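Student: Here the sequence shown is numbered in the working numbering, starting from 8 and rising by one per residue.
Note that beta-carbon positions come from the ideal geometry of N, C-alpha and C, so glycine has one too.
It should be emphasised that the depicted structure is a prediction, and the values quoted were computed from it without experimental measurement.
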Amino acid sequence: MRATEDTEYTEEAVREPIAVGSPRQDRIVLAGGSGFLGQVLAGHFTAQGTEVVVLTRGAARVEGAVRFVQWDGSKIGPWIAELEHAAALINLAGRSVDCRYHARNRRLIMDSRVDSTRILNEAVRRCQAPPPVWLNSSTATIYRHTHGGPWDENGEIAATPEAKDHFSVEVAKAWEKAFFADEIPGVRKVALRSAMVLGHGRNSVFPVLRRLVRFGLGGAMAGGEQFVSWIHHADFSRAIDWLIEQPTLSGCVNLAAPNPLPNHGMMRVLRRVCRAPFSLGLPAPRWLLEVGTFFLRTETELVVKSRRVVPDRLLRSGFRFRFEEFEKACLDLNADARAS
8 MRATEDTEYT EEAVREPIAV GSPRQDRIVL AGGSGFLGQV LAGHFTAQGT
58 EVVVLTRGAA RVEGAVRFVQ WDGSKIGPWI AELEHAAALI NLAGRSVDCR
108 YHARNRRLIM DSRVDSTRIL NEAVRRCQAP PPVWLNSSTA TIYRHTHGGP
158 WDENGEIAAT PEAKDHFSVE VAKAWEKAFF ADEIPGVRKV ALRSAMVLGH
208 GRNSVFPVLR RLVRFGLGGA MAGGEQFVSW IHHADFSRAI DWLIEQPTLS
258 GCVNLAAPNP LPNHGMMRVL RRVCRAPFSL GLPAPRWLLE VGTFFLRTET
308 ELVVKSRRVV PDRLLRSGFR FRFEEFEKAC LDLNADARAS
């Protein structure tokens with residue numbers, strides 16, 4: 008049965024079992040997995056021989072080893088069958104925050120996260136053989152803007168006028184509230200409080216930063232004292248894999264490398280690794296960022312908020328990062344960029 012905008016689904020219809028693949032729990036379902044992080048995870052899991060299904064607003068199709076299935080993130084449909092006997096559900100759905108926060112975009116950002124999480128709660132609850140683990144996106148932006156000590160998973164959750172992050176914190180809180188609203192027997196839930204993921208795909212920040220420094224614009228931003236939390240895309244994928252395999256890890260988990268650094272230090276490393284034409288780079292004071300982000304149709308909060316987040320629960324569970332230091336991550340990513 009094909010999904011259309013006018014299709015209605017009764018509870019009886021969605022409860023009827025539909026044969027999809029084998030009953031073996033070797034299928035990973037990526038809800039909203041068409042973007043950068045979905046591509047990273049799809050590549051990671053298919054390389055291991057795992058079946059990957061992406062729930063997408065786009066057309067149903069097959070690309071390589073990945074099967075794309077239509078959903079709209081707001082109502083139950085035939086896609087619910089993909090959850091039966093799946094090894095894990097990973098929800099990445101949400102409108103990009105790289106935009107201006109006017110009323111329409113605020114509504115889209117909030118609704119795309121909360122509504123998709125609510126409908127997945129309903130879908131998983133209806134499954135006869137639900138995924139034993141559900142990992143749901145959240146964000147490290149949930150923690151209070153700080154220039155002090157780092158935040159682990161017990162860090163303070165609050166907005167700060169200096170960072171202009173009230174809306175972002177409210178979105179993160181509503182997102183996690185929707186996720187943990189229902190306790191589903193046999194389903195372990197993990198909220199992924201992710202930092203900036205460094206990679207090469209669309210919507211990754213690394214190519215943007217690399218271009219800036221190569222054009223000589225890689226100086227400190229807004230004074231450069233704000234901390235930047237980050238994670239290499241390979242460690243992001245490995246951490247997701249690790250969380251799926253750890254039966255006792257649930258609740259909120261920080262996905263960030265253990266060594267956040269100030270913006271001025273990050274830009275200094277980028278200038279050195281990416282061979283910037285100027286050793287110091289041209290700085291960008293806050294007023295200039297305000298002008299630049301207005302014309303780029305984005306928000307200064309993405310740059311000026313100080314995010315100093317550490318992965319305490321991951322480390323205590325035994326996970327080991329391949330890229331603990333920003334310079335090592337940059338060297339690896341820059342080598343890939345030069346080779347491509």
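Once DSSP output is grouped into helix, strand and coil, what is the label at Ile191?
Tutor: Start at 1 with the first residue of the sequence shown, and residue 191 comes out as number 184. It is coil, neither helix nor strand.
Student: Roughly how many angstroms separate the alpha carbons of Pro85 and Ala38, rounded to a whole number?
Tutor: For the purposes of this step, residue 85 is taken as the residue at position 78 of the sequence shown. For the purposes of this step, residue 38 is taken as the residue at position 31 of the sequence shown. Going by the C-alpha atoms only, they are around 14 Å apart.
Student: Count the other CB atoms, across all protein chains shown, that sit within 10 Å of the CB of Thr255; report buried if there are 16 or more and exposed otherwise.
Tutor: Stepping through the sequence shown from its first residue, residue 255 is reached at position 248. By the neighbour-count rule (16 or more Cβ atoms within 10 Å), Thr255 is not buried but exposed.
Student: Lys312 and Asp172 - do their beta-carbons sit closer together than 8 Å?
Tutor: For this step, residue 172 is matched to residue 165 along the sequence shown. For this step, residue 312 is matched to residue 305 along the sequence shown. Result yes, Cβ atoms of Asp172 and Lys312 sit closer than 8 Å.
Student: Could you tell me the alpha carbon to alpha carbon distance between Gly357 and Gly42, rounded to whole angstroms?
Tutor: There is simply no residue 357 to check, as the chain begins at 8 and stops at 347 in what is shown.
Student: Suppose you measure from the CA of Ser324 to the CA of Ser244; what does that come to, to the nearest Å?
Tutor: In the sequence shown, counting from the first residue as 1, residue 324 sits at position 317. In the sequence shown, counting from the first residue as 1, residue 244 sits at position 237. About 16 Å.
Student: Rounded to whole angstroms, how far is the Cβ of Phe186 from the Cβ of Thr124, which I believe are closer than 8 Å?
Tutor: For the purposes of this step, residue 186 is taken as residue 179 along the sequence shown, with counting starting at 1. For the purposes of this step, residue 124 is taken as residue 117 along the sequence shown, with counting starting at 1. Yes, they are in contact, since the Cβ atoms of Phe186 and Thr124 sit about 5 Å apart, within 8 Å.
Student: In whole angstroms, give me the CA-to-CA distance for Phe328 and Ala336.
Tutor: Here residue 328 refers to the residue found at position 321 when the sequence shown is read from its first residue. Here residue 336 refers to the residue found at position 329 when the sequence shown is read from its first residue. Answer to the nearest angstrom: the Cα atoms are 11 Å apart.
Student: Considering only C-alpha positions, which residue in the set Arg195, Gly155 and Val140 is nearest to Gln233?
Tutor: For the purposes of this step, residue 233 is identified with residue 226 of the sequence shown, where counting begins at 1. Minimum Cα distance to Gln233 is reached at Gly155.
Student: Under 8 Å by Cβ, that's how I've got Cys259 and Arg200 pegged, so tell me the actual separation to the nearest angstrom.
Tutor: For the purposes of this step, residue 259 is identified with residue 252 of the sequence shown, where counting begins at 1. For the purposes of this step, residue 200 is identified with residue 193 of the sequence shown, where counting begins at 1. 6 Å between Cβ atoms; contact.
Student: Skipping 5 residues on each side, what residues in its chain have a beta carbon closer than 6 Å to that of Thr17?
Tutor: Residue 17 sits at position 10 when you count from the first residue of the sequence shown. Bear in mind that the predicted position of Thr17 carries a pLDDT of just 36, short of 50, making it unreliable; the figure below should be weighed with that in mind. Excluding sequence neighbours, Thr17 sits near nothing in its chain.
Student: Restricting to Cα atoms, I'd like to know which of Asp343, Ser236, Ser119 and Asp319 is closest to Phe333.
Tutor: Position 326 of the sequence shown, counting from 1, holds the residue named residue 333. Looking at the Cα atoms, Ser236 is the closest of the given residues.
Student: Buried or exposed for Pro30, please, with buried defined as at least 16 other CB atoms from any protein chain shown within 10 angstroms of its CB.
Tutor: For the purposes of this step, residue 30 is taken as the residue at position 23 of the sequence shown. Below a pLDDT of 50, predicted positions are generally treated as unreliable, and Pro30, at 42, falls in that range; the measurement from the model is reported next regardless. Classification of Pro30: exposed, given that the 10 Å Cβ count is below 16.
Student: Should Ala346 go down as buried or exposed, given a rule of 16 or more other Cβ atoms within 10 Å for buried?
Tutor: Your numbering for residue 346 matches position 339 in the sequence shown. Exposed, since its Cβ has fewer than 16 Cβ neighbours within 10 Å.
Student: Please state whether the Cβ-Cβ distance between Ile35 and Ala72 is less than 8 Å.
Tutor: On the sequence shown, position 28 is the one that residue 35 refers to. On the sequence shown, position 65 is the one that residue 72 refers to. Cβ distance not < 8 Å, so Ile35 and Ala72 don't count as in contact.
Student: On a Cα-Cα basis, can you pick out the residue from Gly208, Asp319 and Asn210 that is closest to Ala263?
Tutor: Residue 263 sits at position 256 when you count from the first residue of the sequence shown. For Ala263, the closest of Gly208, Asp319 and Asn210 by C-alpha to C-alpha distance is Asp319.
Student: Shortest alpha-carbon distance to Glu306 belongs to which of Glu252, Val204, Phe174 and Pro284?
Tutor: For the purposes of this step, residue 306 is taken as residue 299 along the sequence shown, with counting starting at 1. It is Phe174.
Student: Can you tell me which of the three DSSP states Leu256 falls into?
Tutor: As a working mapping, residue 256 is identified with position 249 in the sequence shown. Note: Leu256 maps to coil in three-state DSSP.
Student: Determine the direct distance from the alpha carbon of Val212 to that of Pro292, and round the result to whole angstroms.
Tutor: Taking the first residue of the sequence shown as 1, we reach residue 292 at position 285. Taking the first residue of the sequence shown as 1, we reach residue 212 at position 205. Taking the straight line joining both Cα atoms gives about 19 Å.
Student: Roughly how far, in whole angstroms, is the beta-carbon of Ile164 from the beta-carbon of Ile149, given that I think they are within contact range, below 8 Å?
Tutor: Counting from one through the sequence shown, the residue named residue 164 turns up at place 157. Counting from one through the sequence shown, the residue named residue 149 turns up at place 142. Confirmed, Cβ separation roughly 5 Å.
Student: Quick one: measure Cβ to Cβ for Leu142 and Leu250, integer angstroms, because I've assumed they're closer than 8 Å.
Tutor: Position 135 of the sequence shown holds residue 142. Position 243 of the sequence shown holds residue 250. Going by Cβ atoms, the distance from Leu142 to Leu250 rounds to 6 Å, so yes, they are a contact pair.
Student: What is the DSSP secondary structure of Glu129, counted as helix, strand or coil?
Tutor: One-based indexing of the sequence shown puts residue 129 at position 122. Three-state result, Glu129: helix.
Student: Any idea if Phe52 is buried or exposed, counting beta-carbon neighbours within 10 angstroms, 16 or more meaning buried?
Tutor: For the purposes of this step, residue 52 is taken as residue 45 along the sequence shown, with counting starting at 1. Looking at its Cβ environment, which holds 16 or more other Cβ atoms inside 10 Å, Phe52 is buried.
Student: Per DSSP, what are the beta-bridge partners of Asn143 in this structure?
Tutor: Position 136 of the sequence shown, counted from the first residue, corresponds to residue 143. According to DSSP, Asn143 bridges with Asn98 and Ala198.
Student: Going straight from the alpha carbon of Gly288 to that of Arg151, what length do you get?
Tutor: Against the sequence shown, residue 288 aligns to sequence position 281. Against the sequence shown, residue 151 aligns to sequence position 144. Straight-line Cα distance between these residues: approximately 29 Å.
Student: Rounded to whole angstroms, how far is the Cβ of Pro139 from the Cβ of Pro267, which I believe are closer than 8 Å?
Tutor: Here the question's residue 139 lines up with position 132 in the sequence shown. Here the question's residue 267 lines up with position 260 in the sequence shown. So it is not a contact: roughly 32 Å between Cβ atoms.
Student: Using three-state DSSP, classify Val59 as helix, strand or coil.
Tutor: If you number the sequence shown from 1, residue 59 lands on position 52. Strand at Val59.
Student: So if DSSP puts Gln77 in a beta bridge, which residue, or which two residues, is it bridged to?
Tutor: Counted from its first residue, the sequence shown places residue 77 at position 70. Answer is Thr63, bridged to Gln77.
Student: Val378 to Ile83, Cα distance in whole Å?
Tutor: Residue 378 lies beyond the residue range present for the chain, which begins at 8 and ends at 347; the question has no answer from this structure.
Student: Quickly, what does DSSP pair Ala238 with across the bridge? List them, please.
Tutor: Numbered from 1 along the sequence shown, position 231 holds the residue referred to as residue 238. For clarity, residue 238 is Ile in the given sequence; the question names Ala instead. Answer is Val204.
Student: Flag this pair as yes or no: are the beta carbons of Ala283 and Gly223 separated by less than 8 Å?
Tutor: In the sequence shown, the residue the question calls residue 283 occupies position 276. In the sequence shown, the residue the question calls residue 223 occupies position 216. Contact: yes.
Student: Terminal residues of the continuous alpha helix (DSSP H) containing Ala346?
Tutor: Your numbering for residue 346 matches position 339 in the sequence shown. The continuous alpha helix (DSSP H) containing Ala346 extends over residues Phe333 to Ala346.
Student: Where does Ala110 land, buried or exposed, given buried means 16+ other C-beta within 10 angstroms?
Tutor: Along the sequence shown, one-based indexing puts residue 110 at 103. That one is exposed.
Student: Determine the direct distance from the alpha carbon of Arg304 to that of Glu19, and round the result to whole angstroms.
Tutor: On the sequence shown, position 12 is the one that residue 19 refers to. On the sequence shown, position 297 is the one that residue 304 refers to. Residue placement at Glu19 is flagged as unreliable, the pLDDT there being 34, under the threshold of 50; a coordinate-derived value is accordingly withheld.
Student: Count the other CB atoms within 10 Å of the CB of Val69; is the residue buried (16 or more) or exposed (fewer)?
Tutor: The sequence position of residue 69 within the sequence shown is 62, counting from 1. Its Cβ having fewer than 16 others within 10 Å, Val69 is exposed.
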